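Numbering (the working numbering), first residue to last: 1 to 144. These notes concern the structure reproduced below.
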């Protein structure tokens, strides 16, 4: 088990060494990824090293998006969930602060996942229908 297991691990690594190449990402591309991540607050990446483009950022190769997000997740700026060959990344509070610093954003700007969507009408205001919903309830005209 001892040295034999180590030797088999090394040979396995050497066999798959060609899979792990260094990925150089241009600053412009990295900035586009970071801006999109901050704007949305979440990002999804398919675990596909060969994909020509990312599903959201169509002009950027998938591997570059994957590597930037993996780097941020390793520094605890993103939380990661992996399921069925998809990585789901969510910004942490530290990640929000880091991206504000890197992208030179004011403290009043937040990702869309943290901004509360305001309804178009107040919650307690009557609707234009006059209270007559379109549901399948048992409403009888004689009850008025």
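Ideal placement from N, C-alpha and C gives every residue a C-beta, glycine not left out. Computed from a predicted model, the values in this text were never measured in an experiment.
What's the gap between the Cα of residue 44 and the Cα of residue 85?
As a position in the chain shown, residue 44 is number 44, starting the count at 1. As a position in the chain shown, residue 85 is number 85, starting the count at 1. If I take the Cα positions, the gap works out to 11 Å.
If you count every other CB in all the chains shown that lies within 10 Å of the CB of residue 26, and 16 or more means buried, which is it?
Position 26 of the chain shown, counting from 1, holds the residue named residue 26. Under this definition residue 26 is an exposed residue.
First and last residue of the alpha helix (DSSP H) that includes residue 33?
The residue labelled residue 33 in the question sits at position 33 within the chain shown. Annotation: the continuous alpha helix (DSSP H) that includes residue 33 extends over 27 to 40.
Report, in whole angstroms, the separation of the C-beta atoms of residue 36 and residue 56, which I expect to be a contact under 8 Å.
In the chain shown, the residue the question calls residue 36 occupies position 36. In the chain shown, the residue the question calls residue 56 occupies position 56. Going by Cβ atoms, the distance from residue 36 to residue 56 rounds to 7 Å, so yes, they are a contact pair.
Following the continuous beta strand (DSSP E) through residue 80, name the residue where it begins and the one where it ends.
Translated into the one-based positions of the chain shown, residue 80 becomes position 80. Residue 80 -> beta strand (DSSP E) spans 78 to 83.
Quick one: what does DSSP say residue 23 is sitting in, helix, strand or coil?
Translated into positions along the chain shown, residue 23 becomes position 23. The answer is coil: DSSP assigns residue 23 none of H, G, I, E or B.
Going by beta-carbon coordinates alone, are residue 41 and residue 90 separated by less than 8 Å?
For the purposes of this step, residue 41 is taken as the residue at position 41 of the chain shown. For the purposes of this step, residue 90 is taken as the residue at position 90 of the chain shown. Contact annotation: residue 41 and residue 90 have beta-carbon atoms nearer than 8 Å.
Span of the beta strand (DSSP E) holding residue 98?
Position 98 of the chain shown, counted from the start, is the residue given in the question as residue 98. Segment 93 to 103 is the alpha helix (DSSP H) holding residue 98; no beta strand (DSSP E) there.
Determine the direct distance from the alpha carbon of residue 98 to that of residue 75, and round the result to whole angstroms.
Looking up residue 75 in the chain shown gives position 75. Looking up residue 98 in the chain shown gives position 98. Cα to Cα, residue 75 sits roughly 10 Å from residue 98.
With distances taken Cα to Cα, identify the nearest neighbour of residue 80 among 47, 32 and 29.
As a working mapping, residue 80 is identified with position 80 in the chain shown. Taking only the C-alpha atoms, the option nearest residue 80 is 47.
Give the straight-line distance between the Cα atoms of residue 71 and residue 109, rounded to the nearest whole angstrom.
The residue labelled residue 71 in the question sits at position 71 within the chain shown. The residue labelled residue 109 in the question sits at position 109 within the chain shown. Those two C-alpha atoms are separated by around 23 Å.
Rounding to the nearest angstrom, what Cα-Cα distance links residue 30 and residue 68 in this structure?
As a first step, residue 30 must be located in the chain shown, where it is residue number 30. As a first step, residue 68 must be located in the chain shown, where it is residue number 68. Roughly 7 Å between the two C-alpha positions.
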